[in-house]
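Below is one structure, written out as structure tokens; comments come after it.
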Amino acid sequence: MESIRDKVAIIGMGCTQFGELWDKSHLDLVVDACYEAFQDAGIEPKEIQMGWYGSRETGFTGTQLASALKLEYIPISRVENFCAGGTDTFANACYAVAAGVCDFALAVGVEKTKDHFGGFNMFILDPFDRTGVEWELPPASQFAQLAVRYFHHYGISYEEGKRILARIAVKNHHNGTMNPKAHFQREITMERAINAPMIAYPLGLFDACGVSDGCAAAIITKPEIARGLRKDYVLVKGLGLASGAGQAVLQPEYDFLHFPEAVAAAKAAYQQAGIQNPRKELDIVEVHDCFTITELITYEDLGLSPRGKGPEDVEAGTFTLEGEIPVNTDGGLKCFGHPISASGLRMIYEVYKQLQGKAGKRQVKNAKTGLTHNIGGINGFFTGAVAIFGAPA
Amino acid sequence: MVGITSYGAYVPFWRLRRSAIAQDAVGEKAICGFDEDALTMAVAATGDCLNGIPRENVDGLFFASTTSPYGEKSAAATVAVAADLRREIMTADFARSLRAGTGALRAALDAVRAGSARNIVVTGADCRLGIPGSAFERTFGDAAGALLIGDRDVIATVEASHSVSDEILDVWRPERDVFVRSWEERFGATQGYLPVVYEAVSGLLKKTNLTPKDFTKAIFYSPDGKRHAEIAAKLGFDLKTQVQDPLIHSIGDTGSAMPLVLLVAALEEAKVGDRILWVSYGDGSDAFFLQVREPIEGMGARRGVRAHLASKKVIDDYRKYLFWRGLLPTERRVETVSFVSVPAIHRGRDANLRLRGVKCRDCGTVQFPPQRVCTKCHSKDHFEPHPLSDKKARIFTFSADYISNPLVERPIITTTIDFDGGGRMQCYMTDCDFERVKPGLPVEMTFRKMTFRDGIQNYSWKSMPLRAPLVKEEE
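Protein chains in written order, with my numbering: chain A, 1 to 393; chain B, 1001 to 1475.
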């Protein structure tokens, strides 16, 4: 089995403003993100040979992408993989380029959550059943169950746990203030986060990410073509994807202290990228902070913190912009927002800009290697996605 | 000798303080939670009645109610499945009448006497609605009773019965209305309840050559907590020493379930040799003479009426009560799906209604819901059924949602539970004080309403903290 490492490169990316974009349709968002990517890459839409369109609830089939951009009769596939859909959309485009079946591939993730009342569904059927028979589960509760168990297992009091989680929210809000495309661009205090209304015990309002509209796009090609187009292209170093088979709810051994799907995806991506010590070798990390507890557990899933030691690293400021390994420099899902299938590509956009040294006020010095991480679904049925990127040597 | 071989009851966890309805109203009424109805209460009472009794011994189940969830479709069949009874049994619905409970009981007695069945469950439940502000709204309460009828180890033999059928419009509910109506109370009492109950009891006494003094206890259906005392006195029963408390102030008028519930309450205190007069009312009256027998001393522990009454949460929120009964419009709620699939309900009967998981024949792993390929050893289609509805479990982790559906319940608690004997399940939790919920908390399973769409009521199981100790364990 071959590694994807250095077989494909990103030569252009685009990302819209995220937020409640009442006056934009998903087609508007696709046009805005893709034309930014075309301009960034210096290529024309007609040069795109294959497309992948990621959406969970925003338009069926690849025709949505074709019609927005007027791509003429090229192969386009729609990808749905819940909150990991953006990264999976990107990965499929990468595999086509690596296979040599096309030179220029376009990967787009978009979501108009705010065209639905309330945005993201208040209930998810278990396990993604459409018959209405299986009971509906409030999604926030899925992640809150991990928080309850994490606190219980490690003997963390409610107050202490809330403080650790609030610190993550405060960090991401701080980073969001430096990102003009973010849904939320304001600081919050620890007190405000801790005392916010409860959403899903023990998670409060500021433990939850924004529900947003948005779109992000990437243009992928071979490294040899990329070299001729720009110096600061970004190489794909590893792509990991793992799907849960219901283990968490079928097997009492599952501990609710980690996401096995994310661990498996990270293991695959690290192996491909040749990363032994992620905490030392990664310069910037974008994680799926749908809830603060997810970010905390992900530090451990990705091997940035030892098991159970995430809280200590949070207290030490390890993951702040000035810390040992900055996480969610663009504000994360918490502040950039979370248009489901766009989020993976939005994270790649941030890593891409950071590796190019174009991240403005939130630029991480000398960033050479970056990682993105998604986790989407419900307990037992998560899809984990991890992608690793590097600047060309 | 044919009679009652076991009993069980169910009173909802929730009580509405009657002063929340009207300032001068006294006591509490038992009310179904937002996820309960007559059918789910009957499942709970049946489970209590069959505690420790092999389910395969049951040959039939009769369900009595005036508030069955469907106008056309058997609820008895659903109760039987939720109680995990065999398929080759007789099920029937007794409906429309406040006498449906005793009507079902007479039919069960006759079936066992005739030899067409050995053990039949008779369960009755009602969740009736009075027009907001009406006297009915204050007096009505929700509960269920269940009696097992058989001819072995009989705890109370039915020695005689006498019935009167009477046509009268004293209390009624048209087919398409949700609220029970009545003529003036004095009309119903003087032209219906009082003379008809008198006639039925007199007939029974004459038939049996007994006098009121021969009875240890007399149980009368009571429409209001008062009229039963009037008729008891007129018949010659002593209110203080002989007449069963109709539990109007603690539960309410439970309609067709009331005779069953009150009989269970009486049997809980009965001694061998006791003679019981038991009388229902509703377009006539059924009167029974029961004799308590030795096997009552060996009967297994039950929660019955007493333990359920002691386990409660009293609310003063009348608005919540109206929401729960669907009597107030609700704010828009976002639905994931716009329909409930009948074929999917049908395919999922064993999992969702019987709450049966599977146990891998190769590695022994218990799994819920049932799988085709084992989650552990990957062997294919090699499972045996594994009932979970009667198993206790412990909470592994939980959460509490405060935003998704604030109108019916806040917070909505979801649990991941591990069953005694294996198996894990993620499910909603109900009937609990959130402050008590923590990892490790013992829970039991309870049959509840889930989604209701397009006239289809979907049911399944939720976890709840152990509701109440079994009465005999408590002592």
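Note that the Cβ used here is the ideal one computed from N, Cα and C, for glycine as well. Model, not experiment: these values are computed from the prediction.
Option nearest residue i by Cα separation, candidates the options
i, options, result
"valine 1201 (chain B)", "B:Tyr1221, B:Thr1430, B:His1382 and B:Leu1235", "B:Leu1235"
"serine 1280 (chain B)", "B:Tyr1070, B:Val1196 and B:Pro1411", "B:Val1196"
"aspartate 1084 (chain B)", "B:Ser1065, B:Arg1106, B:Ala1104 and B:Glu1056", "B:Glu1056"
"leucine 69 (chain A)", "A:Lys237, A:Trp22 and A:Glu47", "A:Glu47"
"aspartate 1126 (chain B)", "B:Arg1152, B:Asp1151, B:Lys1240 and B:Leu1098", "B:Leu1098"
"aspartate 1214 (chain B)", "B:Leu1205, B:Arg1361, B:Ile1021 and B:Asp1166", "B:Leu1205"
"threonine 1157 (chain B)", "B:Arg1113, B:His1382, B:Leu1262 and B:Phe1136", "B:Arg1113"
"glycine 1008 (chain B)", "B:Leu1039, B:His1308 and B:Ser1134", "B:His1308"
"arginine 5 (chain A)", "A:Tyr270, A:Glu136 and A:Gly85", "A:Tyr270"
"phenylalanine 82 (chain A)", "A:Gly384, A:Arg167, A:Phe389 and A:Ala391", "A:Gly384"
"lysine 1029 (chain B)", "B:Tyr1193, B:Asp1142 and B:Leu1129", "B:Asp1142"
"isoleucine 220 (chain A)", "A:Ser341, A:Cys209 and A:Gly100", "A:Gly100"
"tryptophan 22 (chain A)", "A:Gly86, A:Thr87, A:Ala105 and A:Glu111", "A:Glu111"
"arginine 56 (chain A)", "A:His116, A:Leu203, A:Asn172 and A:Ala208", "A:His116"
"aspartate 1166 (chain B)", "B:Gln1191, B:Phe1187, B:Glu1185 and B:Arg1173", "B:Gln1191"
"glutamate 1159 (chain B)", "B:Leu1290, B:Glu1409 and B:Asp1238", "B:Leu1290"
"aspartate 1317 (chain B)", "B:Met1001, B:Thr1005, B:Ser1006 and B:Arg1018", "B:Arg1018"
Where the alpha helix (DSSP H) through residue i begins and ends
i, result
"glutamine 39 (chain A)", "26–41"
"leucine 1235 (chain B)", "1227–1235"
"methionine 1258 (chain B)", "1258–1268"
"tyrosine 1193 (chain B)", "Per DSSP, tyrosine 1193 (chain B) belongs to no alpha helix (DSSP H) and is neither H nor E."
"alanine 96 (chain A)", "85–98"
"tyrosine 1318 (chain B)", "1318–1324"
"valine 1483 (chain B)", "One cannot answer for residue 1483 (chain B) here, as it falls past the ends of chain B, which runs 1001 to 1475."
"proline 1387 (chain B)", "Here proline 1387 (chain B) belongs to no alpha helix (DSSP H); instead the beta strand (DSSP E) covers 1383–1387."
"aspartate 313 (chain A)", "310–315"
Within chain B, the residues that residue i reaches when beta carbons sit closer than 8 Å
i, result
"isoleucine 199 (chain A)", "Asp1401, Tyr1402 and Ile1403"
"glycine 238 (chain A)", "Correct list: empty, because the minimum Cβ distance to chain B is about 28 Å."
"alanine 245 (chain A)", "Thr1375"
"asparagine 379 (chain A)", "Thr1416 and Gln1426"
Contacts of residue i in chain A (Cβ-Cβ under 7 Å)
i, result
"proline 1411 (chain B)", "Tyr201"
"tyrosine 1428 (chain B)", "Trp135"
"alanine 1344 (chain B)", "Thr131 and Val133"
"glutamine 1367 (chain B)", "Leu250"
"arginine 1453 (chain B)", "Gly132"
"methionine 1450 (chain B)", "Trp135"
"serine 1341 (chain B)", "Thr131, Gly132 and Val133"
Residue i, enclosing beta strand (DSSP E) - first and last residue
i, result
"leucine 241 (chain A)", "234–243"
"methionine 1445 (chain B)", "1442–1453"
"asparagine 374 (chain A)", "369–376"
"phenylalanine 1179 (chain B)", "1179–1182"
"cysteine 1360 (chain B)", "1356–1360"
"asparagine 1458 (chain B)", "1456–1465"
With 16 other Cβ atoms within 10 Å as the buried cut-off, status of residue i
i, result
"tryptophan 1324 (chain B)", "buried"
"glutamate 1475 (chain B)", "With a pLDDT of 35 at glutamate 1475 (chain B), under the threshold of 50, the predicted position of this residue should be treated as unreliable, though the coordinate-derived value follows. Looking at its Cβ environment, which holds fewer than 16 other Cβ atoms inside 10 Å, glutamate 1475 (chain B) is exposed."
"serine 1285 (chain B)", "buried"
"threonine 292 (chain A)", "buried"
"threonine 1241 (chain B)", "exposed"
"glycine 1060 (chain B)", "buried"
"isoleucine 1413 (chain B)", "buried"
"lysine 1472 (chain B)", "In this prediction, lysine 1472 (chain B) scores a pLDDT of 46, lower than 50, which makes its location untrustworthy; the coordinate-derived value is nonetheless stated afterwards. Classification of lysine 1472 (chain B): exposed, given that the 10 Å Cβ count is below 16."
"lysine 280 (chain A)", "exposed"
"glutamate 1175 (chain B)", "exposed"
"tyrosine 975 (chain B)", "There is no way to answer for residue 975 (chain B), as the model of chain B reaches only from 1001 to 1475."
Chain-ordered neighbours of residue i on chain B, where CB pairs are closer than 7 Å
i, result
"alanine 140 (chain A)", "Asp1401"
"asparagine 195 (chain A)", "Those do not exist, as asparagine 195 (chain A) stays about 14 Å from chain B at its closest Cβ, beyond 7 Å."
"alanine 144 (chain A)", "Ser1399"
Presumed contact (8 Å Cβ cut-off) between residue i and residue j, rounded CB distance
i, j, result
"valine 285 (chain A)", "glutamate 295 (chain A)", "Actually they are not in contact, since the Cβ atoms of valine 285 (chain A) and glutamate 295 (chain A) sit about 10 Å apart, beyond 8 Å."
"valine 1366 (chain B)", "glycine 1423 (chain B)", "4 Å"
"glycine 1304 (chain B)", "valine 1264 (chain B)", "5 Å"
"aspartate 1093 (chain B)", "phenylalanine 1140 (chain B)", "About 21 Å separates the two Cβ atoms, so there is no contact after all."
8 Å Cβ cut-off: residues of chain A touching residue i
i, result
"phenylalanine 1396 (chain B)", "Arg149, Pro252 and Phe256"
"serine 1389 (chain B)", "Ordered by position in chain A, no residue passes the 8 Å Cβ test against serine 1389 (chain B), which lies about 16 Å from the chain."
"valine 1358 (chain B)", "Chain A residues near valine 1358 (chain B): none, gap ~10 Å exceeds 8 Å."
Interface partners of residue i on chain B, CB under 9 Å
i, result
"histidine 152 (chain A)", "Thr1397, Lys1438, Pro1439 and Gly1440"
Residue i: contacting residues in chain A (beta-carbon distance under 9 Å)
i, result
"serine 1460 (chain B)", "Val133, Glu134 and Trp135"
"valine 1408 (chain B)", "Under the 9 Å cutoff, chain A gives no residues; its nearest Cβ is about 13 Å from valine 1408 (chain B)."
Near the ligand ATP: residue i beta-carbon under 7 Å from a heavy atom
i, result
"asparagine 1209 (chain B)", "The ligand ATP is not among the ligands present in this structure, which contains no ligands whatsoever."
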